[in-house]
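As structure tokens, the structure follows; a few thoughts come after it.
Protein chains in written order, with our numbering: chain Y, 85 to 505; chain D, 85 to 505.
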């Protein structure tokens with residue numbers, strides 16, 4: 085089975101927005117053994133959309149269209165689909181009350197223009213949108229089954245998972261079985277990891293092992309393809325075990341589990357609490373930890389002591405210490421961690437004080453310099469990192485490292501395992 | 085003149101790489117008055133490429149193809165172009181020595197496979213690649229002039245600037261000038277805004293006005309197309325003014341300027357400081373503000389009082405108040421804001437206490453309920469919001485609303501302007 089993906093919108097063809105939906109959908113299809121023959125990004129132009137839908141429907145068995153289902157006059161996807169099919173639009177009596185209910189929940193009447201979102205071409209069916217007002221559409225044209233989703237990435241992904249993927253799995257039963265797994269690491273560079281993996285990295289190997297990097301996280305991707313489902317799974321698991329053995333404690337999760345999820349779960353399991361004392365990250369570490377549902381049972385809270393007076397007044401850092409060593413220094417990081425732990429009466433605390441840039445660096449303390457303290461009820465330790473990159477990158481890596489350092493402390497592992505920074 | 089952009093490569097259709105060339109090229113063309121009718125991303129599949137080249141050549145006057153000019157067997161663009169034109173490939177005697185010279189400079193002999201890069205369809209001309217081994221190609225087919233560039237973004241951009249853009253400027257004699265601007269708003273829903281814009285939203289209007297939504301931000305996009313550069317600019321500005329007049333204070337910026345950038349800049353300009361007291365956002369508001377370089381002169385810092393004991397101990401919220409009203413309540417939000425302002429000795433403070441979910445909601449206080457306090461040296465005010473969506477969405481919207489509420493306070497505007505939540 086081959087697929088085409090159509091992304092609709094002037095903002096895409098004008099280059100104002102980069103189309104990320106297509107890459108997501110292609111990857112989803114590829115993992116199910118379905119090859120995407122083409123992506124098409126089409127302007128809010130009726131004739132171009134009709135042409136593209138007709139062309140694709142003659143060429144592939146599966147078409148995914150995202151975007152152009154909004155309530156405004158420039159949203160033309162449902163009209164174009166009707167045009168390509170040579171039918172009229174008709175109102176869906178099930179969807180209209182669902183759309184109205186969304187506005188009712190928001191305490192507002194539904195604007196008249198939103199009524200169009202309940203219309204679909206005659207002979208097609210609608211897909212309920214569980215997180216927005218634009219239902220999807222399922223159609224048949226020539227040799228293709230067509231799924232239309234909203235363009236908002238979160239709505240598209242939810243509709244994909246809940247409603248479209250289960251149907252596609254039925255449409256295209258697979259003959260080769262592919263299982264993949266991603267092992268995530270933080271704290272070492274990609275080339276170091278590639279060297280450590282050694283012969284596992286052989287390009288002709290099956291399961292095949294590769295690495296990708298995203299926002300400082302080096303993920304080892306393992307892809308196992310065999311003629312039976314059982315063999316693909318067994319072989320995958322063997323390679324995963326081999327990879328994990330090589331990587332040690334810096335491997336913190338598989339698939340899409342974040343380092344903050346892993347850390348918060350460890351804290352929940354061990355019934356331990358944590359507090360934060362942040363300067364250069366300005367709340368990002370606390371934000372990371374509280375991203376996780378259920379974190380309220382283990383995150384006591386923290387301090388964003390961005391100004392020096394806040395470090396002195398709220399965390400009792402001695403004025404003299406700031407004058408002698410500067411805010412970005414080992415004694416200040418240690419004091420912040422210890423005060424946070426004591427004042428929050430938490431089991432653990434992490435502190436950071438550093439220079440996120442772009443200004444504020446010096447020869448002695450360049451941009452990216454971060455002192456990080458980890459305290460528990462017994463005492464505090466401290467480590468210096470120097471991260472590369474923009475302000476955003478330095479803050480992100482610092483927050484991830486804070487999670488990894490706390491995790492290492494809980495595991496009783498040496499923080500020397502982290503060689504970046 | 086209308087254009088089509090074809091991006092070639094399995095890595096694009098498999099979703100392993102996001103196609104950024106198309107957005108770049110579209111924006112380049114748009115600024116020269118050329119509308120891109122469609123982007124097509126095509127797999128390394130000979131027939132699909134031939135079809136797409138033929139289709140586009142009948143429909144638009146300009147086709148830009150990027151990718152598939154490499155030396156390996158899966159690079160098929162030159163063959164597909166020859167196929168679409170119904171001609172053979174021929175060697176270019178000028179380009180071959182240039183390709184060989186690149187390898188000589190690298191101290192290596194040219195591999196035999198690279199010879200194919202000097203081939204092009206009969207009747208076409210080649211474009212010298214100043215930073216790689218793949219020359220480009222210029223062809224004519226049906227009504228279209230076709231430019232083929234390498235897929236590597238840096239090589240594509242260099243070839244575009246040096247060789248293709250100068251030709252395109254000559255090609256498009258019927259000069260149309262396009263200027264675009266995006267006006268960003270936060271605080272009202274897309275359909276409300278569309279209704280308020282009224283006749284500005286007419287699809288036949290020039291400048292044309294449309295809306296897009298991304299993470300709660302409703303952006304009004306204005307596109308002005310006229311026969312002279314001056315008229316396109318003047319008309320754009322007039323429509324921008326008309327749009328801003330309709331939207332009022334909820335319009336916080338144009339183009340890609342974030343709400344936190346606007347707020348921090350206002351604070352810097354007015355020499356005012358701010359502090360934060362966060363419960364459900366867990367540091368996200370402080371993170372937002374400190375995202376901005378230079379924020380250290382206006383952001384004093386803040387508290388993440390996630391646990392009730394932190395609210396009591398660090399911000400002096402009375403235990404009795406928590407028992408009487410609960411943590412998510414007007415008096416607690418007011419107290420947090422006032423304490424933060426006083427303890428940080430800042431000009432402004434914002435507090436939030438709410439239920440980010442997924443758990444913790446009740447009939448009286450459903451998930452998404454957020455009390456937000458704004459304090460200055462004179463006193464504090466408070467407002468309740470009920471946001472929709474996931475935990476991540478609720479936290480993000482709350483932090484954006486905190487920025488917008490602070491901004492409204494600085495502007496002396498009524499917060500009733502915000503109707504979402």
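From the three backbone atoms N, C-alpha and C, an ideal C-beta is built for every residue, glycine too.
Given the structure is predicted, the values throughout are model-derived calculations rather than measurements.
Checklist entry - Does the beta-carbon distance from residue 158 of chain D to residue 103 of chain D come in below 8 Å? => result Numbered from its first residue, the second chain carries residue 158 of chain D at position 74. Numbered from its first residue, the second chain carries residue 103 of chain D at position 19. No. Outside cutoff.
Next on the checklist: Excluding the 5 residues flanking residue 395 of chain Y on each side, which residues of the same chain have their C-beta closer than 6 Å to its C-beta?
Outcome noted: Residue 395 of chain Y sits at position 311 when you count from the first residue of the first chain. Only 389, 401 meet the Cβ criterion.
Item to check | Contiguous beta strand (DSSP E) assignments of at least 3 residues, all confined to the stretch 258-309 of chain D | outcome: 261-269, 292-298
Checklist entry - For the candidate residues Y:96, Y:175, Y:167, Y:472, whose alpha-carbon lies nearest to that of residue 150 of chain Y? => result As a working mapping, residue 150 of chain Y is identified with position 66 in the first chain. In terms of CA proximity to residue 150 of chain Y, Y:96 leads the group Y:96, Y:175, Y:167, Y:472.
Next on the checklist: Quick check on the DSSP output: what are the complete alpha helix (DSSP H) runs of length 4 or more inside the stretch 95-143 of chain Y, in order along the chain?
Outcome noted: 105-115, 130-143
Checklist entry - Quick one, which residues of the stretch 379-400 of chain Y are near chain D if we go by CB-CB under 7 Å, in chain order? => result 380, 383, 384, 385, 386, 387, 388, 389, 390, 391, 394
Item to check | Residue span of the alpha helix (DSSP H) that contains residue 471 of chain D, given as start and end | outcome: As a working note, residue 471 of chain D is residue 387 in the second chain. Looking at the DSSP string, residue 471 of chain D is not in any alpha helix (DSSP H), and its letter there is neither H nor E.
Checklist entry - Would you call the stretch 448-464 of chain Y and the stretch 377-393 of chain Y touching, i.e. three or more CB-CB distances under 8 Å? => result no
Next on the checklist: Between the stretch 114-125 of chain Y and the stretch 187-205 of chain Y, can you find at least three pairs of beta-carbon atoms closer than 8 Å?
Outcome noted: Segments in contact, no.
Checklist entry - How about residue 424 of chain Y and residue 459 of chain Y: do their beta carbons lie closer than 8 Å? => result Here residue 424 of chain Y corresponds to residue number 340 of the first chain, with the count starting at 1. Here residue 459 of chain Y corresponds to residue number 375 of the first chain, with the count starting at 1. Their beta carbons are under 8 Å apart, which means residue 424 of chain Y touches residue 459 of chain Y by this criterion.
Next on the checklist: The beta strand (DSSP E) that contains residue 460 of chain D, what's its start and end?
Outcome noted: Against the second chain, residue 460 of chain D aligns to sequence position 376. Here the beta strand (DSSP E) through residue 460 of chain D covers 453-460.
Checklist entry - Name the chain Y residues that come within less than 8 Å of residue 138 of chain D, Cβ to Cβ? => result Position 54 of the second chain, counted from the start, is the residue given in the question as residue 138 of chain D. Under the 8 Å cutoff, chain Y gives no residues; its nearest Cβ is about 11 Å from residue 138 of chain D.
Item to check | Own chain, CB closer than 6 Å to residue 179 of chain Y, minus 5 neighbours either side, in chain order | outcome: Against the first chain, residue 179 of chain Y aligns to sequence position 95. Closer than 6 Å at the Cβ level, and outside the excluded window around residue 179 of chain Y, lie 202, 210, 219.
Item to check | Extent of the continuous beta strand (DSSP E) to which residue 395 of chain D belongs | outcome: Mapped onto the second chain, residue 395 of chain D falls at position 311. Premise fails: residue 395 of chain D lies in the alpha helix (DSSP H), 392-399, not in any beta strand (DSSP E).
Item to check | Contact belief for residue 147 of chain D with residue 87 of chain D at Cβ below 8 Å, rounded distance in angstroms | outcome: Here residue 147 of chain D corresponds to residue number 63 of the second chain, with the count starting at 1. Here residue 87 of chain D corresponds to residue number 3 of the second chain, with the count starting at 1. 7 Å between Cβ atoms; contact.
Next on the checklist: Do residue 478 of chain D and residue 271 of chain D have their beta-carbon atoms positioned less than 8 Å apart in this structure?
Outcome noted: Mapped onto the second chain, residue 271 of chain D falls at position 187. Mapped onto the second chain, residue 478 of chain D falls at position 394. Contact: no.
Item to check | Rounded Cβ spacing between residue 92 of chain D and residue 161 of chain D (contact assumed at less than 8 Å) | outcome: Here residue 92 of chain D refers to the residue found at position 8 of the second chain. Here residue 161 of chain D refers to the residue found at position 77 of the second chain. The pair is a contact, with the Cβ atoms about 5 Å apart (cut-off 8 Å).
Next on the checklist: Taking 8 Å as the threshold (beta carbon to beta carbon), is residue 226 of chain D in contact with chain Y?
Outcome noted: Translated into the one-based positions of the second chain, residue 226 of chain D becomes position 142. No, no contact with chain Y.
Checklist entry - What in chain Y is Cβ-close to residue 317 of chain D, meaning under 7 Å? => result The residue labelled residue 317 of chain D in the question sits at position 233 within the second chain. Result: empty, since nearest Cβ-Cβ is about 17 Å, beyond 7 Å.
Checklist entry - Are any of the Cβ atoms in chain D nearer than 8 Å to that of residue 214 of chain Y? => result Sequence index remark: in the first chain, residue 214 of chain Y carries index 130 (1-based). Chain D, which has no Cβ nearer than 8 Å to the Cβ of residue 214 of chain Y, makes this no.
Next on the checklist: Quick check on residue 166 of chain D: does DSSP put it in helix, strand or coil?
Outcome noted: The residue you call residue 166 of chain D lines up with position 82 of the second chain. Note: residue 166 of chain D maps to helix in three-state DSSP.
Next on the checklist: Checking 8 Å against the spacing of the C-beta atoms, do residue 303 of chain D and residue 254 of chain D come in under that value?
Outcome noted: Counting from one through the second chain, the residue named residue 303 of chain D turns up at place 219. Counting from one through the second chain, the residue named residue 254 of chain D turns up at place 170. No, these two residues do not count as a Cβ contact at 8 Å.
Next on the checklist: Below 7 Å, is the gap between the Cβ of residue 93 of chain Y and the nearest heavy atom of the ligand ZN?
Outcome noted: Judged by which ligands are present, the structure shown has none, so any question about the ligand ZN falls away.
Checklist entry - Sorted by chain position, which residues of the same chain lie with C-beta nearer than 8 Å to residue 260 of chain Y's C-beta, five sequence neighbours on each side aside? => result Within the first chain, residue 260 of chain Y is the residue found at index 176, counting from 1. The beta carbon of residue 260 of chain Y is closer than 8 Å to those of 117, 309, 310, 311 in its chain, skipping five residues each way along the sequence.
Checklist entry - Are the CB atoms of residue 339 of chain Y and residue 376 of chain Y nearer to each other than 8 Å? => result Here residue 339 of chain Y refers to the residue found at position 255 when the first chain is read from its first residue. Here residue 376 of chain Y refers to the residue found at position 292 when the first chain is read from its first residue. No Cβ-Cβ contact shorter than 8 Å links residue 339 of chain Y with residue 376 of chain Y.
Item to check | Unbroken alpha helix (DSSP H) run spanning residue 184 of chain D, endpoints | outcome: Translated into the one-based positions of the second chain, residue 184 of chain D becomes position 100. Residue 184 of chain D -> alpha helix (DSSP H) spans 179-189.
Item to check | Residues near residue 184 of chain D in its chain [Cβ-Cβ closer than 7 Å; skip 5 each side] | outcome: On the second chain, position 100 is the one that residue 184 of chain D refers to. For residue 184 of chain D, where only same-chain residues beyond five positions count, the Cβ hits under 7 Å are 194.
Next on the checklist: By the DSSP assignment, the alpha helix (DSSP H) with residue 350 of chain Y in it spans what residues?
Outcome noted: In the first chain, counting from the first residue as 1, residue 350 of chain Y sits at position 266. Counting along the chain, the alpha helix (DSSP H) containing residue 350 of chain Y begins and ends at 343-354.
Item to check | Local Cβ density within 10 Å of residue 122 of chain D, reported as buried at 16 or more and exposed below that | outcome: Within the second chain, numbered from 1, the residue matching residue 122 of chain D stands at position 38. It is buried - the Cβ of residue 122 of chain D has at least 16 other Cβ atoms within 10 Å.
Next on the checklist: Counting only C-beta atoms, is residue 443 of chain Y closer than 8 Å to chain C at any point?
Outcome noted: The displayed structure is made up of protein chains Y and D, and chain C is not among them.
Checklist entry - Under three-state DSSP, which class holds residue 206 of chain Y? => result Position 122 of the first chain holds residue 206 of chain Y. Secondary structure at residue 206 of chain Y: coil, using DSSP grouped into helix, strand and coil.
Next on the checklist: Going by C-alpha to C-alpha distance, which of Y:421, Y:292, Y:236, Y:442 sits closest to residue 307 of chain Y?
Outcome noted: As a position in the first chain, residue 307 of chain Y is number 223, starting the count at 1. Closest option to residue 307 of chain Y, Cα to Cα, is Y:292.
Checklist entry - In the structure shown, what three-state DSSP assignment does residue 439 of chain Y receive? => result Taking the first residue of the first chain as position 1, residue 439 of chain Y is located at position 355. Coil.
Item to check | Whole-angstrom distance between residue 269 of chain Y and residue 356 of chain D, CA atom to CA atom | outcome: Against the second chain, residue 356 of chain D aligns to sequence position 272. Against the first chain, residue 269 of chain Y aligns to sequence position 185. One C-alpha to the other measures close to 42 Å.
Next on the checklist: Counting only Cβ-Cβ distances shorter than 7 Å, please list the residues of the stretch 275-307 of chain Y near chain D, keeping chain order.
Outcome noted: Listed by position along the chain: nothing, the set is empty.
Item to check | Identified DSSP bridge partners for residue 387 of chain D | outcome: Within the second chain, numbered from 1, the residue matching residue 387 of chain D stands at position 303. Under DSSP, residue 387 of chain D takes part in a beta bridge, and its partners are Y:387, D:361.
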